[in-house]
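*Asks:*
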Amino acid sequence: MIRPRTTLVLAMSLDGKIADAQRRAARFSSQADLDHLEARVAEADGVLFGGGTLRAYGTTLSVRSPPLIEARRQRGQTDQPIHIVWSPSGRLDPQYRFFQQPVPRGLITTVTGAKAWQEKAYFDHLWTIPDDLAHTWDWPDLLDRLSAQGIQSLALLGGGLLTSELLRHGLIDEVYLTLCPLLIGGAAAPTPVDGEGFLAELAPRLTLMGCQTVADEVFLHYGVQPLSSAVNLAPSLAPSVGQ
Numbered sequence: 004m005i006r007p008r009t010t011l012v013l014a015m016s017l018d019g020k021i022a023d024a025q026r027r028a029a030r031f032s033s034q035a036d037l038d039h040l041e042a043r044v045a046e047a048d049g050v051l052f053g054g055g056t057l058r059a060y061g062t063t064l065s066v067r068s069p070p071l072i073e074a075r076r077q078r079g080q081t082d083q084p085i086h087i088v089w090s091p092s093g094r095l096d097p098q099y100r101f102f103q104q105p106v107p108r109g110l111i112t113t114v115t116g117a118k119a120w121q122e123k124a125y126f127d128h129l130w131t132i133p134d135d136l137a138h139t140w141d142w143p144d145l146l147d148r149l150s151a152q153g154i155q156s157l158a159l160l161g162g163g164l165l166t167s168e169l170l171r172h173g174l175i176d177e178v179y180l181t182l183c184p185l186l187i188g189g190a191a192a193p194t195p196v197d198g199e200g201f202l203a204e205l206a207p208r209l210t211l212m213g214c215q216t217v218a219d220e221v222f223l224h225y226g227v228q229p230l231s232s233a234v235n236l237a238p239s240l241a242p243s244v245g246q
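Residue 160 in the working numbering sits at position 157 of the sequence shown; the count goes up by one each step and never skips.
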């Protein structure tokens, strides 16, 4: 089975932060970047993000532009991609506006994390793993399971731990990165790739595919080179309780 083609889309400060030290929602990008993000979301069959990202924003970005919706219809896609949350704990507030938005929703979680949602209509699809496997996530298998549901392209919107997990398995194909003109600082402020990180000699390498400047922002497009097999042998970081 061919796994979904996965594209990481994010905006960060010039010093590499995606939020401040309190991990509040990052709202420092411009309208041009929001339009860029919506275009990337509109291209995908599914959108994937972590539970921490949902808690920070309480919402997701749906496709609102009529031309983008029409383009999806022309490609044979539904008006909205499915928006998938990765939350091992499954502890999410049903009062989030996310659950009132007109998008299909999915949840990747543990068997225990899924219990609170199984008899409710909040999620259109649940993907689960056994609780005793939650210390190491088999992302190649999970992406194959998404593919089996017709998801052939995936927009990854963070957070840093989820991005680290997929990079570690060599499952990210492209990166769209917006550099925003501010400096956040702070040792505790999250970065695009959290987790245990990579040794420099084993770190994923990128190839620049495009670069554009709009006002004070820089829009970068990279292809991700295949990983060394040694990277895939690195231990997975067990998800934090808050996920």
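We put the beta carbon where it would ideally sit given N, CA and C, even for glycine.
1. Please say whether Val106 and Ser65 have beta carbons closer to each other than 8 Å?
2. Do you know how far the Cα of Leu223 is from the Cα of Asp144?
3. Which residues share a DSSP beta bridge with Glu177?
4. Is Ala233 buried or exposed, if buried means 16 or more other CB atoms sit within 10 Å of its CB?
5. Could you check how far apart the C-beta atoms of Val12 and Leu159 are, in whole angstroms? I think they sit under 8 Å.
6. Which stretch, first to last residue, makes up the beta strand (DSSP E) that contains Leu211?
7. In its own chain, which residues sit with a C-beta less than 7 Å from the C-beta of Val114, not counting the 5 before and 5 after it?
8. Distance check for Ile87 and Asp141, CA to CA, integer angstroms please.
9. Identify which residue in Gly93, Glu41, Thr210 has its Cα closest to the Cα of Gln121.
10. For a test of the three-state rule: what should DSSP assign to Ser243, helix, strand or coil?
11. Reducing DSSP to helix, strand and coil, say where Trp140 ends up.
12. List the endpoints of the continuous beta strand (DSSP E) containing Leu129.
13. Roughly how many whole angstroms lie between the Cα atoms of Arg67 and Gly189?
14. In the DSSP assignment, find the alpha helix (DSSP H) that holds His39 and state where it starts and stops.
15. Is DSSP giving Arg100 helix, strand or coil here?
16. Which full runs of the alpha helix (DSSP H) of 4+ residues lie inside the stretch 67-120, going along the chain?
17. Can you tell me where the alpha helix (DSSP H) holding Leu170 begins and where it ends?
18. According to DSSP, which residues form a beta bridge with Gly49?
19. At the level of alpha carbons, what is the spacing between Ser90 and Leu211?
20. CB-CB under 6 Å to Gly55, same chain, minus the five flanking residues each way: which ones, in chain order?
21. Which whole-angstrom value describes the C-beta separation of Ala47 and Ala22, a residue pair presumed to lie in contact below a C-beta threshold of 8 Å?
22. If you draw a straight line from the alpha carbon of Val178 to that of Leu164, how long is it in whole angstroms?
23. So who's on the other strand from Val196, going by DSSP bridges?
24. I'd like to know whether the C-beta atoms of Arg100 and Gly49 end up nearer to each other than 8 Å.
25. In terms of residue numbering, what span does the alpha helix (DSSP H) encompassing Ala59 cover?
*Replies:* Let me spell this out:
1. For the purposes of this step, residue 65 is identified with residue 62 of the sequence shown, where counting begins at 1. For the purposes of this step, residue 106 is identified with residue 103 of the sequence shown, where counting begins at 1. Contact: yes.
2. The residue you call residue 144 lines up with position 141 of the sequence shown. The residue you call residue 223 lines up with position 220 of the sequence shown. Looking at the two C-alpha atoms, the distance is approximately 30 Å.
3. Taking the first residue of the sequence shown as position 1, residue 177 is located at position 174. According to DSSP, which records beta bridges pairwise, Glu177 is partnered with Thr10, Gly226.
4. Residue mapping note: residue 233 aligns to position 230 of the sequence shown, counting from 1. Interpretation of Ala233 is limited by its pLDDT of 40, a score under 50 that renders its predicted location unreliable; the figure taken from the coordinates is listed afterwards. Classification for Ala233: exposed.
5. For this step, residue 12 is matched to residue 9 along the sequence shown. For this step, residue 159 is matched to residue 156 along the sequence shown. Going by Cβ atoms, the distance from Val12 to Leu159 rounds to 7 Å, so yes, they are a contact pair.
6. Sequence index remark: in the sequence shown, residue 211 carries index 208 (1-based). That run of the beta strand (DSSP E) goes 209-217.
7. Translated into positions along the sequence shown, residue 114 becomes position 111. Only Thr131, Pro133, Asp134 meet the Cβ criterion.
8. Residue numbering aside, residue 141 sits at position 138 when the sequence shown is read from its first letter. Residue numbering aside, residue 87 sits at position 84 when the sequence shown is read from its first letter. Near 16 Å, if we compare the C-alpha coordinates of Ile87 and Asp141.
9. On the sequence shown, residue 121 is found 118 positions in, with the first residue counted as 1. Selected option, being the one with the closest Cα: Gly93.
10. Reading the sequence shown from its first residue, position 240 is the one you call residue 243. Here the model assigns Ser243 a pLDDT of 46, short of 50, so the residue's position is not dependable, and the following value carries that caveat. DSSP places Ser243 in coil when its eight states are reduced to three.
11. One-based indexing of the sequence shown puts residue 140 at position 137. Coil at Trp140, not helix or strand.
12. Sequence index remark: in the sequence shown, residue 129 carries index 126 (1-based). It spans 128-132 - the beta strand (DSSP E) in which Leu129 sits, taken as one unbroken run.
13. What you label residue 67 is simply residue 64 of the sequence shown in a count that begins at 1. What you label residue 189 is simply residue 186 of the sequence shown in a count that begins at 1. Spanning the two alpha carbons is a distance of roughly 35 Å.
14. Counted from its first residue, the sequence shown places residue 39 at position 36. Start and end: 34-46.
15. For this step, residue 100 is matched to residue 97 along the sequence shown. Of the three classes helix, strand and coil, the one that applies to Arg100 here is helix, per DSSP.
16. 69-77, 114-117
17. On the sequence shown, residue 170 is found 167 positions in, with the first residue counted as 1. Looking at the DSSP string, the run of the alpha helix (DSSP H) that includes Leu170 is 163-171.
18. Residue numbering aside, residue 49 sits at position 46 when the sequence shown is read from its first letter. Bridge partners of Gly49: Ile85, Leu157.
19. Stepping through the sequence shown from its first residue, residue 90 is reached at position 87. Stepping through the sequence shown from its first residue, residue 211 is reached at position 208. Using only the alpha carbons, I get a separation of about 32 Å.
20. If you number the sequence shown from 1, residue 55 lands on position 52. These residues qualify, in order along the chain: Gly162.
21. Here residue 47 corresponds to residue number 44 of the sequence shown, with the count starting at 1. Here residue 22 corresponds to residue number 19 of the sequence shown, with the count starting at 1. In fact, because the Cβ distance is near 23 Å, the residues do not count as touching under 8 Å.
22. To locate residue 178, count along the sequence shown from 1; it is residue 175. To locate residue 164, count along the sequence shown from 1; it is residue 161. Roughly 16 Å separates the two Cα atoms.
23. The sequence position of residue 196 within the sequence shown is 193, counting from 1. Paired residue(s): none; Val196 is not in a bridge.
24. If you number the sequence shown from 1, residue 100 lands on position 97. If you number the sequence shown from 1, residue 49 lands on position 46. No. Outside cutoff.
25. Locating residue 59 in the sequence shown gives position 56, counting from the first residue. Where Ala59 is concerned, the enclosing alpha helix (DSSP H) stretches over 54-60.
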